Structures are given as structure tokens and as C-alpha cells.
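Chains as they are written, first to last, in my numbering: chain A, 20 to 191; chain B, 695 to 885. Single-structure report; data block below.
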């Protein structure tokens with residue numbers, strides 16, 4: 020019995036010592052890594068767009084003078100990409116109707132496109148990455164970004180349309 | 695053809711909310727030097743996220759290019775005032791089934807936008823790490839326990855210390871007889 024006790028005591032002290040070794044040996048529990056400390060930052064001049072009530076069968080183009088401006092507000096050159104999203108399904112909310120729980124037939128015909136300088140028209144109906152600039156200097160800006168909403172020729176679809184466009188800045 | 699003929703482009707005066715909104719991160723790139731072991735839990739260098747815009751905003755942190763279960767943020771969906779920043783602790787939790795190889799992912803700071811068409815900035819930190827050979831179920835479990843000790847070494851130290859004290863107390867009580875007697879000092883009577 021005494022031998023067992025002694026063994027437990029030794030094991031316990033050994034475990035304690037091991038933990039202490041960890042505590043001393045690992046001044047921090049953070050994984051060893053090379054870190055580039057620099058400000059990667061991006062600003063846009065527009066936070067929301069509202070197309071208002073749109074007639075079915077039309078294609079709405081954002082006026083040029085309202086074009087989105089993307090600015091590299093960091094202190095190094097950055098890569099800026101545009102990130103689209105699935106358009107949220109329109110919900111019928113007008114005229115007091117409330118069909119918010121159901122998807123409306125034909126909603127996939129709503130398309131939202133974005134055109135970036137030097138890039139092709141990209142549909143935001145699927146998540147896409149389209150290069151905007153691969154070398155945007157600190158303080159530099161990109162303008163002339165167009166967004167376009169294409170509605171289906173189906174008068175029965177009405178409701179609100181929601182989507183998002185994001186501009187992602189990363190280290191070059 | 696009829697539809698094409700009927701459809702037409704129009705320019706409309708859309709309602710636009712002009713405001714300088716922004717997002718930033720204080721680290722451009724993190725390259726983990728160690729070869730990581732499946733099952734392990736690793737704390738990444740402290741991450742700083744910023745609001746570089748001129749108005750308050752809600753910020754959402756995500757990871758792109760990796761299962762979101764692998765990354766945990768100490769806080770998320772918080773409000774940042776204009777030009778405010780916040781430190782966030784990021785943990786990489788590798789499952790025991792993680793495949794061997796090099797991983798390139800993005801840690802992203804999103805400004806949450808609302809409205810029919812939200813236009814939002816995202817600043818991302820590149821994260822690169824390498825996962826080594828899979829040590830098997832037992833190895834992964836051992837790695838998880840090891841990681842727990844590393845990340846919670848103060849708690850582990852306290853537990854073992856308490857255990858040691860209890861064992862020592864029990865041994866002393868069983869095999870030794872120690873008694874304490876407290877006596878007051880006797881005063882000499884002065885005549």
C-alpha cells in the first residue's frame with residue numbers, strides 16, 4: 020500500500036513538474052508564426068443602394084455619377100477583389116400580401132451584375148471572385164464600378180430584392 | 695425575341711446612401727512555422743480588427759477557404775465606433791481527420807451592411823499553415839489533451855497542485871501523528 024501511495028505521489032509530482040515545464044518553456048501558448056503587421060484596410064463611399072420600385076422586364080443601371088468608389092485606406096499595396104452573393108429571394112410584401120414564407124416562381128430570373136474596370140460583367144447570382152485590382156497602392160482608388168439589376172418579364176413577381184456586394188482587400 | 699424587343703435599359707435615380715464605410719485588419723499575413731498536428735488546438739497571434747469608416751458599424755468575423763468549425767473567434771458581431779479597433783483571440787481547432795497539406799485561408803473582417811443592395815468592405819488577413827501526418831485516433835486524442843494543457847496550463851497547474859496537497863495531507867494524516875498545542879505565555883507575578 021505504501022509503495023502504491025509513493026508511486027501516486029511520484030506520478031503526481033512528475034505531472035506537476037511537466038506542466039510547470041510547459042509553463043516556463045512556453046512563455047506563450049501562441050503558435051510560432053511569422054506575422055506581417057501592417058494595416059490592410061478598405062473603404063467604400065456607398066453603403067447601400069436602393070433601386071426603388073422597378074418595372075418588370077427592365078434592366079436598371081446605376082448612374083455613372085453614383086459609381087461606387089473603393090479606396091485602399093491601408094498603408095501597403097493590396098489586392099482588391101469583389102465578392103458577390105446569392106440574391107436573396109424577393110418576398111411579396113406589397114398590397115398587404117404576406118407571402119414571406121414562400122419562394123416566388125421565377126425569382127431566379129432576377130439577376131444582379133457588377134462590372135469592374137478591366138473586368139467583364141459578372142453575375143452575382145453565384146458567389147464569384149472577380150479581380151478588380153491586383154496592385155492598389157496605399158491611398159489609391161478604383162471607380163467606374165457599375166451595378167445592374169435585370170428583372171424578368173414576368174409581371175407576377177413583385178416584392179423586395181436584397182443582395183450584397185463586398186470588396187475584399189488582402190495583402191498583395 | 696419579343697421579350698428582347700420589349701426589354702430596355704433604363705437609368706434611374708436610385709436611392710444611394712453615401713458614407714465612407716470601411717474595414718481593416720492590423721495583420722497582413724500570418725505564416726505558421728510549426729507543422730501542426732491533427733487534433734491539436736492552436737492559438738494564433740492576437741488579431742486586431744478596425745473600423746476605418748466615418749460612422750459606427752457592426753463587424754462580423756469569418757474565415758474563407760476553410761471549414762468555419764476550424765476557427766473560433768473570442769468575440770464576433772460587435773459594434774465598433776468610427777476609427778476604433780479591437781483585439782480578437784483566434785484559435786485554430788484542427789479535427790482529428792484533418793488532411794495533410796498546406797492550407798491558405800483568409801481571416802475576414804466584414805462590415806455588416808443592410809438594405810436592398812448592401813455594399814460593404816471586407817479586409818482580410820492571409821493565414822498559411824501546414825498540417826502534418828495524421829497520427830491516428832489515439833494520437834489525435836493525445837494531441838487534443840496536450841493542447842488543452844498548453845492552452846489552459848494555469849488551470850492544469852492549479853489542479854495538480856491541489857491534487858498534490860490532498861495526497862500529502864492524506865499521507866500525513868494516515869501515517870503520522872501531528873498535534874498542535876497552543877499555549878499562552880505565563881506571566882510572572884511581580885511581588
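Beta carbons are placed, not taken as given, at the ideal position from N, Cα and C, and that holds for glycine. Everything numeric in this text was worked out from a predicted model, so none of it was measured.
Sequence-distant residues of its chain with Cβ nearer than 7 Å to residue 700/B (five each side left out): Along the second chain, one-based indexing puts residue 700/B at 6. Confidence at residue 700/B is low in this model, with a pLDDT of 43, below 50, so the placement of that residue should be treated as unreliable; the coordinate-derived value is given next. Closer than 7 Å at Cβ, skipping near neighbours: no residue.
Residue 900/B to residue 764/B span [Cα, whole Å]: No answer is possible for residue 900/B: it lies beyond the span of chain B, which begins at 695 and ends at 885.
Coarse secondary structure for residue 187/A, derived from DSSP in three states: On the first chain, residue 187/A is found 168 positions in, with the first residue counted as 1. In the structure shown, the three-state DSSP call for residue 187/A is strand.
Residue span of the alpha helix (DSSP H) that contains residue 868/B, given as start and end: As a first step, residue 868/B must be located in the second chain, where it is residue number 174. Residue 868/B -> alpha helix (DSSP H) spans 847-869.
6 Å Cβ shell around residue 726/B - same chain, five flanking residues per side excluded: One-based indexing of the second chain puts residue 726/B at position 32. If we look at residue 726/B and ignore the five residues flanking it on each side, its Cβ neighbours are 823.
Within chain B, partners of residue 51/A - CB distance below 9 Å: What you label residue 51/A is simply residue 32 of the first chain in a count that begins at 1. Simply 726, 727, 728.
Straight-line gap, residue 879/B to residue 870/B (C-alpha atoms, nearest Å): Position 185 of the second chain, counted from the first residue, corresponds to residue 879/B. Position 176 of the second chain, counted from the first residue, corresponds to residue 870/B. About 28 Å.
Three-state secondary structure assigned by DSSP to residue 843/B: On the second chain, position 149 is the one that residue 843/B refers to. Of the three classes helix, strand and coil, the one that applies to residue 843/B here is helix, per DSSP.
is_contact[residue 753/B, chain A] using C-beta, thresh 7 Å: Along the second chain, one-based indexing puts residue 753/B at 59. Judged by the 7 Å Cβ criterion, residue 753/B is not in contact with chain A.
Test: residue 714/B CB closer than 7 Å to a CB of chain A: Start at 1 with the first residue of the second chain, and residue 714/B comes out as number 20. True, the Cβ-Cβ gap to chain A drops below 7 Å.
Cβ shell of residue 719/B (< 8 Å), same chain only, five flanking positions each side left out: Along the second chain, one-based indexing puts residue 719/B at 25. Counting only Cβ-Cβ distances below 8 Å, and skipping sequence neighbours, we find 741, 742, 743, 744, 801, 803, 817, 818, 819.
Cβ contact check for the segment 129-138 of chain A and the segment 59-72 of chain A: 3 or more pairs under 8 Å: No, because fewer than three Cβ pairs between the segment 129-138 of chain A and the segment 59-72 of chain A fall closer than 8 Å, the two stretches do not touch.
Chain E contact for residue 718/B (CB, 7 Å cutoff): Checking the listed chains, one finds no chain E in this structure; the protein chains it contains are A and B.
Beta strand (DSSP E) segments (min. 3 residues) lying fully within the segment 62-86 of chain A: Runs of the beta strand (DSSP E) inside the segment 62-86 of chain A: 77-80.
Those residues which DSSP pairs with residue 764/B across a bridge: Position 70 of the second chain, counted from the first residue, corresponds to residue 764/B. Under DSSP, no beta-bridge partner is assigned to residue 764/B.
contact_flag[the segment 50-62 of chain A, the segment 721-736 of chain B] where n(CB pairs < 8 Å) is 3 or more: Contact holds: three or more Cβ-Cβ distances are below 8 Å.
Residues that residue 879/B bridges to, as DSSP identifies them: As a first step, residue 879/B must be located in the second chain, where it is residue number 185. As far as DSSP is concerned, residue 879/B takes part in no beta bridge.
Beta carbon of residue 759/B nearer than 7 Å to that of residue 787/B: Position 65 of the second chain, counted from the first residue, corresponds to residue 759/B. Position 93 of the second chain, counted from the first residue, corresponds to residue 787/B. Cβ atoms of residue 759/B and residue 787/B: not closer than 7 Å.
Own chain, CB closer than 8 Å to residue 762/B, minus 5 neighbours either side, in chain order: In the second chain, counting from the first residue as 1, residue 762/B sits at position 68. Within the same chain, Cβ atoms closer than 8 Å to the Cβ of residue 762/B are found at 756, the five residues on either side in sequence being excluded.
DSSP-derived helix/strand/coil call for residue 833/B: Position 139 of the second chain, counted from the first residue, corresponds to residue 833/B. Helix, per DSSP.
Counted within 10 angstroms of its Cβ, other Cβ atoms place residue 738/B as buried (16 or more) or exposed: Sequence index remark: in the second chain, residue 738/B carries index 44 (1-based). Taking a 10 Å sphere around the C-beta of residue 738/B, we find 16 or more other C-beta atoms and assign the residue as buried.
Segments assigned beta strand (DSSP E), at least 3 residues, entirely inside the segment 721-759 of chain B: Along the segment 721-759 of chain B, the beta strand (DSSP E) occurs as fully enclosed runs of 3 or more residues at 735-737, 741-744, 751-758, listed in sequence order.
Separation of residue 27/A from residue 860/B, as counted between CA atoms: Taking the second chain and counting its residues from 1, one reaches residue 860/B at position 166. Taking the first chain and counting its residues from 1, one reaches residue 27/A at position 8. Each residue's alpha carbon lies about 12 Å from the other.
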